[in-house]
Amino acid sequence: MPEQSKASGPDLTQGVASVDLKGGKLLGHVGDRDVLLVQSGAEIFAIDAQCTHYHGPLAEGLVVGGTVRCPWHHACFDLRSGEAVHAPAIAPLAIWRVEQTDGRIFVREKRAAENPKRIADSTAPQKIVIVGGGAAGYAATEMLRRLGFAGSIVMLSNDADAPIDRPNLSKDYLAGSAPEEWMPLQPDSFYTDAKIDLRLKTDVCSIDTKAHHVVTADGTKIAYDRLLLATGADPVRLTIPGASQANVYTLRTMADCRAIIEATKGARRAVVVGAGFIGLEAAAALRARNIEVHIVAPEKRPMEHILGPDMGDFVRALHEEHGVIFHLENTVTAIDGNRITLKSGGSLEADFVIAGIGVRPRLSLAEQAGLAMDRGVLVNEYLQTSVPEIYAAGDIARWPDPHSGENIRVEHWVVAERQGQTAARNMLNQRRKFDAVPFFWSRHYDIPINYIGHAEQWDEITIDGDIKAKDCLLKYRNKSRTLAVASIFRDLASLEIEARMEGAVAAQ
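For the record, in the sequence shown the residue sitting at position 266 is 267 according to our numbering, with numbers rising by one throughout.
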């Protein structure tokens, strides 16, 4: 058996001096469980020390407005109840009773979790249908039940697997360091116990907005009072000769990833087409399996259009340090068996090819229903479409972003989850504006890149720190206004900037 990790800090049941909490947080333990003491205003709370998402260290996070935020992926928890109020965390933190006596703080028994405010609205819908089994659809179903919605929930997904931790497909799962049992967002029993009618391998072919029902491919009609479209996106596929060969893969689903993992067995070399986040993360995962990796992409630098030239050069150098070979300002023109022909005139030999050239939002269902469109499904600040009973969230939704002042559409996991949560509240008549600051993370080997905000263009990038030293914070500015921030190992600063961005909107 592996050796158990030693509990951290002082035994909080024996008490600590109040002055020891002068920094606002103190890491200790109760039995063999790490517990974090947190001071917020005049109150002191005791909570689990690790985020329920990927076990990020909350002692290194940010306390703001009665919440604590995880430094890794910006999950947010209510200190009083332990509730996960912002994705990517869904499960709550455990909480303990705190007692103060004679200048000392004692942590007592574990407290029962507080339920969030339950709905009490006679006008709330009775039948909710969710189309899509990804981040937004799953987060919406979980939030509906968390809020006490007792009506019917039908979740229609054309995937063969129940909702999974999709970001891990191109990271630890593909690399072989995350077992398959880690991938489902919930066990199958969750959907049964929560009375969520999850129907997999189900295509929805039309929506009747007047009769308030959707029609599946087999002709089944499913009625709704409220409908959430969370159809996500499909990977863009190569359209060159040989693209339909069995050794050419995309990476979007569990089935895709399983097929790639199978292809690595006995393989020596792979070609990744595309130098975006998915392509680069897949390359890092394949290197962990000792596969030789060549990346072919048309741009001069990887991810320059998102992160700028300096970060692009760093990312390229990082991958080259790990043996990845780049063929930039180039494209693949044909695949013939194991031979990959390049536009430059050269060719590569590879056992298999992964196409990571982006995704395309699934809009056909919304278009068929006559919803207002603009390079996505147009929604208002409540994620409501042009048909009031229909909401949209995730990759397909274009919403009015108060931070940039523009209508934007992004394809980030955390954004999709948070939109699903907000849409759930609004389908229950809570009228919550979606004003979260967009956030995503990417990991390349042991180097995380966190990004907050949204900057499609900028006229200045300021760099604090040293990118090559893997200690930096980059601000993407347009007309002297910071639109987005990327960072490496500047977690607390990233959280602080995110909170300021949120506060700027709240102050308007």
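Don't be surprised by glycine CBs; every beta carbon is placed ideally from N, CA and C.
W400 - DSSP class collapsed to helix/strand/coil: In the sequence shown, counting from the first residue as 1, residue 400 sits at position 399. W400 falls in the strand class under three-state DSSP.
Neighbourhood of A18 by C-beta distance below 7 Å, restricted to the same chain and skipping five residues each side: Locating residue 18 in the sequence shown gives position 17, counting from the first residue. Cβ neighbours of A18 beyond the five flanking positions: G104, R105.
Contact under 8 Å by Cβ, L1 with A271: With the chain running from 2 to 509 in the structure shown, residue 1 is simply not present.
Outcome for D49 when other beta-carbon atoms lying within 10 angstroms are tallied against a minimum of 16: Along the sequence shown, read from residue 1 onward, the residue named residue 49 stands at position 48. When all chains shown are included, D49 counts as buried.
Residue ranges of each alpha helix (DSSP H) within the region 341-395, 4 or longer: 365-369
Buried or exposed by the 16-neighbour rule on C-beta atoms within 10 Å, applied to W183: Counting from 1 along the sequence shown, the entry for residue 183 is found at position 182. Classification for W183: exposed.
Length of the line joining the Cα atoms of Q458 and N479: Numbered from its first residue, the sequence shown carries residue 458 at position 457. Numbered from its first residue, the sequence shown carries residue 479 at position 478. Each residue's alpha carbon lies about 7 Å from the other.
Reduced DSSP secondary structure (H/G/I, E/B, other) of C206: In the sequence shown, counting from the first residue as 1, residue 206 sits at position 205. Of the three classes helix, strand and coil, the one that applies to C206 here is strand, per DSSP.
Euclidean distance between Cα positions of F46 and T53: The sequence position of residue 46 within the sequence shown is 45, counting from 1. The sequence position of residue 53 within the sequence shown is 52, counting from 1. If you take the alpha carbons of F46 and T53, they lie about 17 Å apart.
Under 8 Å between C-beta atoms of G138 and M156: Start at 1 with the first residue of the sequence shown, and residue 138 comes out as number 137. Start at 1 with the first residue of the sequence shown, and residue 156 comes out as number 155. In this structure, M156 lies closer than 8 Å to G138 by Cβ.
Limits of the unbroken beta strand (DSSP E) element including A224: Position 223 of the sequence shown holds residue 224. Where A224 is concerned, the enclosing beta strand (DSSP E) stretches over 222-224.
contact_flag[the region 382-392, the region 306-319] where n(CB pairs < 8 Å) is 3 or more: no
Where A141 falls: helix, strand or coil (DSSP): Stepping through the sequence shown from its first residue, residue 141 is reached at position 140. Correct three-state label for A141: helix.
8 Å Cβ cutoff met for A163 and P185: The residue labelled residue 163 in the question sits at position 162 within the sequence shown. The residue labelled residue 185 in the question sits at position 184 within the sequence shown. A contact, by the Cβ cut-off of 8 Å.
Helix, strand or coil at Y55 [DSSP, three-state]: Your numbering for residue 55 matches position 54 in the sequence shown. Y55: coil per DSSP, three-state reduction.
For H87, three-class secondary structure by DSSP: Within the sequence shown, residue 87 is the residue found at index 86, counting from 1. The answer is strand: DSSP assigns H87 an E or B state.
Nearest to K172 (by Cα), restricted to the options V249, H295, E263, A289: The residue you call residue 172 lines up with position 171 of the sequence shown. Residue A289 is the option with its Cα nearest to K172.
Stretch pair the region 79-91 + the region 23-38: three plus CB contacts closer than 8 Å: no
Under the three-state DSSP convention, the category A318 falls into: Residue 318 sits at position 317 when you count from the first residue of the sequence shown. Three-state DSSP puts A318 in a helix.
Close beta carbons around E293, own chain, < 8 Å, minus the five adjacent residues each side: Taking the sequence shown and counting its residues from 1, one reaches residue 293 at position 292. R269, R270, A271, G324, I326, listed in sequence order.
Beta carbon of A285 nearer than 8 Å to that of Y452: Here residue 285 corresponds to residue number 284 of the sequence shown, with the count starting at 1. Here residue 452 corresponds to residue number 451 of the sequence shown, with the count starting at 1. Going by C-beta atoms, A285 is not nearer than 8 Å to Y452.
For W97, the first and last residue of its enclosing beta strand (DSSP E): Counted from its first residue, the sequence shown places residue 97 at position 96. 96-102 is the extent of the beta strand (DSSP E) around W97.
Residues of its chain near A456, where Cβ-Cβ distance is below 6 Å and the 5 sequence neighbours each way are ignored: Counted from its first residue, the sequence shown places residue 456 at position 455. Taken in chain order, the residues that qualify are Y477, L484, A485.
Residue span of the alpha helix (DSSP H) that contains A256, given as start and end: Stepping through the sequence shown from its first residue, residue 256 is reached at position 255. Here the alpha helix (DSSP H) through A256 covers 255-265.
Spatially closest choice to I197 from S178, R147, V237, by CA coordinates: As a working note, residue 197 is residue 196 in the sequence shown. Ranking S178, R147, V237 by Cα distance to I197 puts R147 first.
Whole-Å CB distance - T232 paired with L366, under 8 Å assumed: For the purposes of this step, residue 232 is taken as the residue at position 231 of the sequence shown. For the purposes of this step, residue 366 is taken as the residue at position 365 of the sequence shown. Going by Cβ atoms, the distance from T232 to L366 rounds to 6 Å, so yes, they are a contact pair.
Residues near G275 by beta carbon distance below 6 Å, same chain, minus five either side: Along the sequence shown, one-based indexing puts residue 275 at 274. So the qualifying residues of the chain are A298, G357, I358.
Residue burial classification, N427 (beta-carbon count within 10 angstroms, cutoff 16): Counting from 1 along the sequence shown, the entry for residue 427 is found at position 426. Counting Cβ neighbours within 10 Å, N427 comes out buried, since at least 16 surround it.
For P72, three-class secondary structure by DSSP: Locating residue 72 in the sequence shown gives position 71, counting from the first residue. In the structure shown, P72 sits in coil (DSSP, three-state: anything other than H, G, I, E or B).
Option in A487, R482, A500, N291 with minimal Cα separation from S405: What you label residue 405 is simply residue 404 of the sequence shown in a count that begins at 1. Here the closest residue by C-alpha is R482.
Any 3 or more C-beta pairs closer than 8 Å across the region 457-471 and the region 173-181: no
Element boundaries [beta strand (DSSP E), containing I468]: By one-based count along the sequence shown, residue 468 stands at place 467. Here I468 belongs to no beta strand (DSSP E), and DSSP marks it neither H nor E.
Residue environment, N159, which counts as buried when at least 16 other CB atoms sit within 10 Å: Numbered from 1 along the sequence shown, position 158 holds the residue referred to as residue 159. Buried: at least 16 other Cβ atoms inside 10 Å.
Contact check, V130 vs V215, beta carbons under 8 Å: Reading the sequence shown from its first residue, position 129 is the one you call residue 130. Reading the sequence shown from its first residue, position 214 is the one you call residue 215. Against a cut-off of 8 Å, the Cβ pair of V215 and V130 comes out as a contact.
Residue environment, P89, which counts as buried when at least 16 other CB atoms sit within 10 Å: Numbered from 1 along the sequence shown, position 88 holds the residue referred to as residue 89. It counts as buried.
Alpha carbon of E4 to alpha carbon of P58, nearest angstrom: Residue numbering aside, residue 4 sits at position 3 when the sequence shown is read from its first letter. Residue numbering aside, residue 58 sits at position 57 when the sequence shown is read from its first letter. Below a pLDDT of 50, predicted positions are generally treated as unreliable, and E4, at 41, falls in that range; the measurement from the model is reported next regardless. Between E4 and P58, the C-alpha separation is close to 20 Å.
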